[in-house]
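Protein chains in written order, with the numbering used here: chain X, 261 to 540; chain F, 261 to 540.
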């Protein structure tokens, strides 16, 4: 089988694999100072946003990623009030964070306003909570933002970034994690998307090392399916400042006062289970 | 990006998606009386076998599927001795089953000898245990095999089939599950691959219904990543005859006397966790 020009394809060169979605039409094509943002209407996955040719969000499967970047870390913290999201310009993670009634402030800092403008136009569900009075949207350099933050100003930092190339590369470094550690209160947590367990084992291992060198006491990788990302299997890595992310508020998660499509308490526990090859 | 002729592509038409692997060369191309079997050497996934154009096995990720089709059901049964595998011609599931020292007989019944011959030539790791004295390989119609089996002759039936089209369609029917129920001893279990949680929710639901109508008391779906299958996320559905597959021999699984790459006791528990959208 070959794919004609009606398909969008993302190639994973290092792994000799590719994922494609059949497109009906292109809805958006903007080159910002930072990135090339495109939005397509697809046959089977609803609306698709790509950045520099890589899948960022589809209507059909973004719920898994956004829920797993937010609810596990929020139910791991004892009482999260101040949340910082670095990246996350599509606003899907922000929406999930704001489902937690205890959150009093959620700042989103994405370097590229173009991502949020595209989401406002083409992903109305994701920007649904942008008018929540607890939401603050900034378009700025996340690395500098965290470095400049007052010590102990956040309970949770969520790093919802693109892959570790281009603008996001610095978000995978020890120096950045050190800034995050300083900006967190005691008992605070960071979570960073950490790529595919099948394709990017080295990125995950390096992230654990960098987080621990940066001062975090305990780290934990969660894994979950994500059809439209490389290998269809993804991960998020948590690190705690003076606390271990290996247990969470299970009763609160079981009685959460909001709806989800993927996350629940059993899924949270399940996401912590690592396959044999990752334990070695 | 477009893919040139050096890529093998499987299209999932109903979902407007496709998965591709870059190939170095074709190693095998045989039309059997049943199916079209091809084997490729790929750039990043080792050897790839396709049947009628659909991915069956790759060197890189078959371990997850084969381990999840075997170890959960074997560690759920109290003391499995006689195991029947329907399909499974690549012999990877057979190899995993034979890792259990308590198994005294493992019959594999695949309708198409061509699959096993191709595996012998191109997947030496998978056929590694074919000379085990407990292994019996038959090339025959699995539906008829089970219908003709003496009542209560097996502890476990593993249905390691292709998708529910073509030769495998009957393996998803109530009539087949009824034959399996009769062929199992009390306390016996069946497990059948049940496609993608994201793409094939109806197939999974229909399988539960068909298994229960066929006489099984209790059913359970496990889910796990499987990069090279549609959506990168796969499932296996278990059903028990006079027993519930919802608990398993956790201590035995934790102390298993053999190596795995994916399966362990925590992964077994994790695979039982269903996302919110599947619980509805």
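Cβ atoms here follow ideal geometry from the backbone N, Cα and C, with glycine treated the same way.
**OP:** For residue 364 (chain F), name the three-state secondary structure that DSSP assigns.
**Re:** Walking along the second chain from the start, residue 364 (chain F) turns up at place 104. Reduced to three states, the DSSP call for residue 364 (chain F) is coil.
Original post:
Can you tell me where the alpha helix (DSSP H) with residue 353 (chain X) in it begins and where it stops?
Top reply: As a position in the first chain, residue 353 (chain X) is number 93, starting the count at 1. Taken as a continuous stretch (DSSP letters only), the alpha helix (DSSP H) holding residue 353 (chain X) covers 352 to 357.
Original post:
Mind checking whether residue 368 (chain F) and residue 397 (chain F) have CB atoms under 7 Å apart?
Top reply: Here the question's residue 368 (chain F) lines up with position 108 in the second chain. Here the question's residue 397 (chain F) lines up with position 137 in the second chain. Yes, they are a contact pair.
Original post:
With which residues is residue 443 (chain X) paired in a DSSP beta bridge?
Top reply: Locating residue 443 (chain X) in the first chain gives position 183, counting from the first residue. Answer is none; residue 443 (chain X) lacks a bridge partner.
Original post:
Can you check whether the CB of residue 284 (chain F) is closer than 7 Å to the CB of residue 301 (chain F)?
Top reply: Against the second chain, residue 301 (chain F) aligns to sequence position 41. Against the second chain, residue 284 (chain F) aligns to sequence position 24. Against a cut-off of 7 Å, the Cβ pair of residue 284 (chain F) and residue 301 (chain F) comes out as a contact.
Subject >> Proximity below 7 Å, CB of residue 444 (chain F) to CB of residue 501 (chain F) >> reply: Locating residue 444 (chain F) in the second chain gives position 184, counting from the first residue. Locating residue 501 (chain F) in the second chain gives position 241, counting from the first residue. Yes, Cβ-Cβ distance for residue 444 (chain F) and residue 501 (chain F) is below 7 Å.
Subject >> First through last residue of the alpha helix (DSSP H) which encompasses residue 465 (chain F) >> reply: Here residue 465 (chain F) refers to the residue found at position 205 of the second chain. Where residue 465 (chain F) is concerned, the enclosing alpha helix (DSSP H) starts and stops at 461 to 473.
Subject >> residue 409 (chain F): first and last residue of the uninterrupted beta strand (DSSP E) it sits in >> reply: Position 149 of the second chain, counted from the first residue, corresponds to residue 409 (chain F). Taken as a continuous stretch (DSSP letters only), residue 409 (chain F) belongs to no beta strand (DSSP E), as it is neither H nor E.
Subject >> N-terminal and C-terminal residue of the alpha helix (DSSP H) that residue 512 (chain X) is part of >> reply: Residue 512 (chain X) sits at position 252 when you count from the first residue of the first chain. It spans 510 to 514 - the alpha helix (DSSP H) in which residue 512 (chain X) sits, taken as one unbroken run.
Original post:
According to the Cβ coordinates, are residue 372 (chain X) and residue 294 (chain X) closer than 7 Å?
Top reply: Counting from one through the first chain, the residue named residue 372 (chain X) turns up at place 112. Counting from one through the first chain, the residue named residue 294 (chain X) turns up at place 34. Result yes, Cβ atoms of residue 372 (chain X) and residue 294 (chain X) sit closer than 7 Å.
**OP:** Return the residues of the region 466 to 499 of chain F that lie within a Cβ-Cβ distance of less than 7 Å from chain X, sorted by chain order.
**Re:** From the region 466 to 499 of chain F, only 485, 487, 491, 492, 493 have a Cβ closer than 7 Å to chain X.
Original post:
Below 7 Å between beta carbons: does that hold for residue 439 (chain F) and residue 410 (chain F)?
Top reply: Reading the second chain from its first residue, position 179 is the one you call residue 439 (chain F). Reading the second chain from its first residue, position 150 is the one you call residue 410 (chain F). No.
Original post:
Hey, how far is the Cα of residue 485 (chain X) from the Cα of residue 268 (chain X)?
Top reply: For the purposes of this step, residue 485 (chain X) is taken as the residue at position 225 of the first chain. For the purposes of this step, residue 268 (chain X) is taken as the residue at position 8 of the first chain. Cα to Cα, the separation comes out at about 21 Å.
Subject >> Residues of the region 513 to 527 of chain X whose Cβ lies closer than 8 Å to any Cβ of chain F, in chain order >> reply: Using a CB distance below 8 Å, the part of the region 513 to 527 of chain X facing chain F consists of 519, 520, 521, 522, 523, 524, 526, 527, ordered along the chain.
Original post:
By Cβ distance, which residues of its chain are closer than 6 Å to residue 400 (chain X), with the 5 residues on each side in sequence left out?
Top reply: Taking the first residue of the first chain as position 1, residue 400 (chain X) is located at position 140. The answer, listed in chain order, is 369.
Subject >> Cutoff 7 Å: residue 302 (chain F) Cβ touching any chain X Cβ >> reply: Position 42 of the second chain, counted from the first residue, corresponds to residue 302 (chain F). A Cβ of chain X is located within less than 7 Å of the beta carbon of residue 302 (chain F).
**OP:** Consult DSSP for residue 419 (chain X) and reduce its assignment to one of helix, strand or coil.
**Re:** Start at 1 with the first residue of the first chain, and residue 419 (chain X) comes out as number 159. It is a strand residue.
Original post:
Any beta-carbon of chain F closer than 7 Å to the one on residue 536 (chain X)?
Top reply: Numbered from 1 along the first chain, position 276 holds the residue referred to as residue 536 (chain X). At a cut-off of 7 Å between beta-carbon atoms, residue 536 (chain X) makes contact with chain F.
**OP:** Let me know the secondary structure DSSP gives residue 301 (chain F) once reduced to three states.
**Re:** Counted from its first residue, the second chain places residue 301 (chain F) at position 41. Strand, per DSSP.
Subject >> Rounded straight-line distance, which links the Cα of residue 447 (chain F) to that of residue 478 (chain F) >> reply: Stepping through the second chain from its first residue, residue 478 (chain F) is reached at position 218. Stepping through the second chain from its first residue, residue 447 (chain F) is reached at position 187. Looking at the backbone, the Cα of residue 478 (chain F) and that of residue 447 (chain F) are separated by about 11 Å.
Subject >> residue 507 (chain X): contacting residues in chain F (beta-carbon distance under 8 Å) >> reply: For this step, residue 507 (chain X) is matched to residue 247 along the first chain. Those within 8 Å of residue 507 (chain X) in chain F number zero; the least Cβ separation is about 14 Å.
**OP:** State the start and end residues of the unbroken alpha helix (DSSP H) segment that holds residue 212 (chain F).
**Re:** What is shown of chain F runs 261 to 540, which leaves residue 212 (chain F) out entirely.
**OP:** Using 10 angstroms around the beta-carbon of residue 265 (chain F), count the other beta-carbons present and answer buried if the total reaches 16, otherwise exposed.
**Re:** Mapped onto the second chain, residue 265 (chain F) falls at position 5. So residue 265 (chain F) ends up on the exposed side.
**OP:** Using a Cβ cut-off of 7 Å (strictly closer), state whether residue 420 (chain X) contacts chain F.
**Re:** The sequence position of residue 420 (chain X) within the first chain is 160, counting from 1. Using a Cβ-Cβ cut-off of 7 Å, residue 420 (chain X) does not count as an interface residue toward chain F, since no Cβ of chain F sits closer than that to its own.
Original post:
Leaving out the 5 sequence neighbours to the left and right, which residues in its chain are closer than 6 Å to residue 347 (chain X) when beta-carbon positions are compared?
Top reply: Looking up residue 347 (chain X) in the first chain gives position 87. Taken in chain order, the residues that qualify are 370, 420, 421.
Original post:
Listed in chain order, which residues of the region 302 to 317 of chain F have Cβ atoms closer than 9 Å to some Cβ of chain X?
Top reply: Here the close residues are 302, 303, 304, 305, 313.
**OP:** For residue 528 (chain X), name the three-state secondary structure that DSSP assigns.
**Re:** Taking the first chain and counting its residues from 1, one reaches residue 528 (chain X) at position 268. Look at residue 528 (chain X) here: in three-state DSSP terms it is helix.
Subject >> Nearest-angstrom Cα separation, counted from residue 525 (chain X) out to residue 457 (chain X) >> reply: By 1-based counting over the first chain, the position of residue 457 (chain X) is 197. By 1-based counting over the first chain, the position of residue 525 (chain X) is 265. Pairing residue 457 (chain X) with residue 525 (chain X), the inter-Cα distance amounts to about 22 Å.
Subject >> Any C-beta of chain F under 7 Å from that of residue 276 (chain X) >> reply: Along the first chain, one-based indexing puts residue 276 (chain X) at 16. Chain F contact via Cβ: present.
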